[in-house]
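In what follows, a single structure is set out as structure tokens and then discussed.
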Amino acid sequence: MSEHLYAVIVGCGRLGALLANQLSRKGHSVVAIDNDADAFAGLAAEYSGFRIEGEATELAVLKEAKVDKADLVISTTREDNVNLMVAQIAKEVFKVPRVMARVFLPEYEDSYRRMGIEVVCPTRAAADMFLNALAEEEGSPK
Amino acid sequence: MNILIVGGGKPVYFLCRTFLAKGHEVTIINRDHDECIQLARRLNATIVHGDGSDPVILEEAGAHAAGAVLAVTPNDQDNLAVCQIAQLRFDTPRAVALANDPDNEEVFKKLGVSAFSTTRIITSLIEQRTLLDDVINLIPAGEGKVNITEIALTEESPVSGNALRDLALPHGCLVAVVLRNGDAVVPDGSTELRAGDHIVVITLPGNHGPALRAITGETA
Numbered sequence: 001m002s003e004h005l006y007a008v009i010v011g012c013g014r015l016g017a018l019l020a021n022q023l024s025r026k027g028h029s030v031v032a033i034d035n036d037a038d039a040f041a042g043l044a045a046e047y048s049g050f051r052i053e054g055e056a057t058e059l060a061v062l063k064e065a066k067v068d069k070a071d072l073v074i075s076t077t078r079e080d081n082v083n084l085m086v087a088q089i090a091k092e093v094f095k096v097p098r099v100m101a102r103v104f105l106p107e108y109e110d111s112y113r114r115m116g117i118e119v120v121c122p123t124r125a126a127a128d129m130f131l132n133a134l135a136e137e138e139g140s141p142k
Numbered sequence: 143m144n145i146l147i148v149g150g151g152k153p154v155y156f157l158c159r160t161f162l163a164k165g166h167e168v169t170i171i172n173r174d175h176d177e178c179i180q181l182a183r184r185l186n187a188t189i190v191h192g193d194g195s196d197p198v199i200l201e202e203a204g205a206h207a208a209g210a211v212l213a214v215t216p217n218d219q220d221n222l223a224v225c226q227i228a229q230l231r232f233d234t235p236r237a238v239a240l241a242n243d244p245d246n247e248e249v250f251k252k253l254g255v256s257a258f259s260t261t262r263i264i265t266s267l268i269e270q271r272t273l274l275d276d277v278i279n280l281i282p283a284g285e286g287k288v289n290i291t292e293i294a295l296t297e298e299s300p301v302s303g304n305a306l307r308d309l310a311l312p313h314g315c316l317v318a319v320v321l322r323n324g325d326a327v328v329p330d331g332s333t334e335l336r337a338g339d340h341i342v343v344i345t346l347p348g349n350h351g352p353a354l355r356a357i358t359g360e361t362a
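Top line first, the protein sequences correspond to chains A and B. In terms of this note's numbering, the first sequence has 65 at position 65, counting the first letter as 1, and numbering is strictly consecutive. In terms of this note's numbering, the second sequence has 200 at position 58, counting the first letter as 1, and numbering is strictly consecutive.
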């Protein structure tokens with residue numbers, strides 16, 4: 001990820017703001033979208049990207065964010081279905097090369113991964129980390 | 143057929159009632175507990191309380207056996223997810239999503255889900271009706287590629303008193319049915335149109351306007 005990216009971050013909650021701040025700090029062009037203007041308070045003072053207030057499931061809002069020009073779209077809203085819809089539109093309609101979505105429901109992972117969406121499931125990731133930590137303790141010599 | 147509807151509000155209630163009256167079996171998935179109780183009291187349908195895009199709830203609602211899944215919630219993202227999960231996980235033969243945002247009708251089709259937009263349908267109905275007083279009914283078919291229009295003929299209609307074969311109708315316009323005195327007749331070239339007839343005309347969008355003008359004489 002060394003080259004300059006045009007990244008659209010959908011959902012500017014804790015995770016979205018964190019991603020937007022980090023990508024902006026690394027010198028990438030960032031657009032953050034959220035349906036609540038107050039959410040942008042989570043963006044750092046040095047964040048140099050754009051903010052768009054609107055529903056990302058509306059095509060008009062994604063067009064305003066110039067998603068057709070984006071190298072990367074990450075959808076991080078609280079709603080799985082919003083993230084999956086945005087990710088699919090970014091991939092299939094706007095042909096964005098790299099598209100990722102946060103999905104809480106582990107049952108969704110397989111179905112959408114088969115459709116070519118890069119899915120990050122925090123529920124499963126956290127479960128794996130807990131289980132790995134337990135396994136390490138069990139495996140360690142007493 | 144087993145029809146699975148995801149959504150709520152008056153549209154779902156009346157949809158369900160209509161399907162039941164036609165002899166279908168209906169299951170409704172609704173997120174609101176109180177509404178579920180109301181629906182269960184008023185409809186002879188199976189009501190499942192929960193999130194219709196959750197595979198576990200869909201399974202509980204019998205998605206495997208559903209002949210059709212209809213997602214009509216006010217949230218497009220949920221309607222898309224319901225239909226995709228139904229198709230991917232339960233091999234539902236037919237899943238249809240409501241596109242609240244008319245732009246999403248096209249988007250959903252690109253994502254492999256058939257969709258309809260009530261906004262677009264109502265807009266087109268209103269446009270057609272206000273455009274021409276004599277147009278009684280207009281149904282888009284073939285995903286909008288064909289229009290089926292019912293037109294009332296009056297004394298002023300330029301086609302009244304003429305046989306079909308003598309009409310100068312645009313190419314690709316078919317008078318499919320003539321309704322007269324309560325009878326529906328499929329006409330041939332010799333059929334003469336009269337004031338008081340209702341005719342059902344099939345047109346393509348490109349010649350819809352010219353065809354209607356030729357039949358009604360209105361220039362609007």
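From the three backbone atoms N, C-alpha and C, an ideal C-beta is built for every residue, glycine too.
Quick check on the DSSP output: the beta strand (DSSP E) that includes residue i runs from which residue to which?
{"i": "T77 of chain A", "result": "Careful: T77 of chain A lies outside any beta strand (DSSP E) and carries neither H nor E."}
{"i": "Y6 of chain A", "result": "6 to 10"}
{"i": "C315 of chain B", "result": "315 to 322"}
{"i": "T169 of chain B", "result": "167 to 172"}
{"i": "V363 of chain B", "result": "Beyond the ends of chain B as shown, which are 143 and 362, falls residue 363 of chain B; an answer cannot be given."}
{"i": "D34 of chain A", "result": "29 to 34"}
{"i": "M100 of chain A", "result": "98 to 102"}
{"i": "V120 of chain A", "result": "118 to 120"}
When the cut-off is 9 Å and only beta carbons count, does residue i lie next to chain A?
{"i": "P197 of chain B", "result": "yes"}
{"i": "D245 of chain B", "result": "yes"}
{"i": "I174 of chain B", "result": "Checking the sequence shown, residue 174 of chain B turns out to be Asp, not Ile. Not an interface residue."}
{"i": "V249 of chain B", "result": "yes"}
{"i": "I344 of chain B", "result": "no"}
{"i": "L212 of chain B", "result": "no"}
{"i": "D220 of chain B", "result": "yes"}
{"i": "I227 of chain B", "result": "yes"}
{"i": "L146 of chain B", "result": "no"}
{"i": "A318 of chain B", "result": "no"}
{"i": "A223 of chain B", "result": "yes"}
So residue i and residue j are supposed to be a Cβ contact under 8 Å. How far apart are they, rounded?
{"i": "L280 of chain B", "j": "A337 of chain B", "result": "Actually they do not touch by this definition, with Cβ atoms about 21 Å apart."}
{"i": "D339 of chain B", "j": "R322 of chain B", "result": "5 Å"}
{"i": "E285 of chain B", "j": "V342 of chain B", "result": "Going by Cβ atoms, the distance from E285 of chain B to V342 of chain B rounds to 20 Å, so no, they are not a contact pair."}
{"i": "A20 of chain A", "j": "G49 of chain A", "result": "6 Å"}
{"i": "A353 of chain B", "j": "C315 of chain B", "result": "4 Å"}
{"i": "A213 of chain B", "j": "V148 of chain B", "result": "5 Å"}
Among the options, which one has its Cα closest to the Cα of residue i?
{"i": "V288 of chain B", "options": "B:D196, B:H350, B:K252, B:D330", "result": "B:H350"}
{"i": "T261 of chain B", "options": "B:L253, B:P244, B:I268, B:K251", "result": "B:P244"}
{"i": "R184 of chain B", "options": "B:P235, B:C315, B:L162, B:S195", "result": "B:L162"}
{"i": "K95 of chain A", "options": "A:E79, A:L62, A:A41", "result": "A:L62"}
{"i": "M85 of chain A", "options": "A:A135, A:C12, A:M115", "result": "A:M115"}
{"i": "L105 of chain A", "options": "A:P97, A:A126, A:A39", "result": "A:A126"}
{"i": "A239 of chain B", "options": "B:G359, B:T160, B:S195, B:E177", "result": "B:S195"}
{"i": "R124 of chain A", "options": "A:E137, A:E107, A:A133, A:A135", "result": "A:E107"}
{"i": "P300 of chain B", "options": "B:G359, B:D193, B:I171", "result": "B:G359"}
{"i": "R25 of chain A", "options": "A:K69, A:A17, A:Y47", "result": "A:Y47"}
What are the boundary residues of the alpha helix (DSSP H) that residue i is part of?
{"i": "F250 of chain B", "result": "245 to 252"}
{"i": "I199 of chain B", "result": "197 to 202"}
{"i": "I227 of chain B", "result": "218 to 232"}
{"i": "E64 of chain A", "result": "59 to 64"}
Taking Cβ to Cβ, would you say residue i is nearer than 9 Å to residue j?
{"i": "L346 of chain B", "j": "D330 of chain B", "result": "no"}
{"i": "L253 of chain B", "j": "L230 of chain B", "result": "no"}
{"i": "G93 of chain A", "j": "V10 of chain A", "result": "It should be noted that the sequence gives Val, not Gly, for residue 93 of chain A. In this structure, V10 of chain A does not lie closer than 9 Å to V93 of chain A by Cβ."}
{"i": "I145 of chain B", "j": "A210 of chain B", "result": "yes"}
{"i": "A101 of chain A", "j": "I89 of chain A", "result": "no"}
{"i": "G150 of chain B", "j": "R173 of chain B", "result": "yes"}
{"i": "C225 of chain B", "j": "V255 of chain B", "result": "yes"}
{"i": "V99 of chain A", "j": "V73 of chain A", "result": "yes"}
Hey, does residue i have any beta-carbon neighbour from chain B nearer than 9 Å?
{"i": "N81 of chain A", "result": "yes"}
{"i": "T57 of chain A", "result": "yes"}
{"i": "Y108 of chain A", "result": "yes"}
Kindly say whether residue i, judged by its beta-carbon, lies nearer than 9 Å to any beta-carbon of chain C.
{"i": "V93 of chain A", "result": "Included in the structure are the protein chains A and B, with no chain C among them."}
The ligand GTP heavy atoms versus the CB of residue i: any closer than 8 Å?
{"i": "T265 of chain B", "result": "The ligand GTP is absent from the structure shown, which contains no ligands of any kind."}
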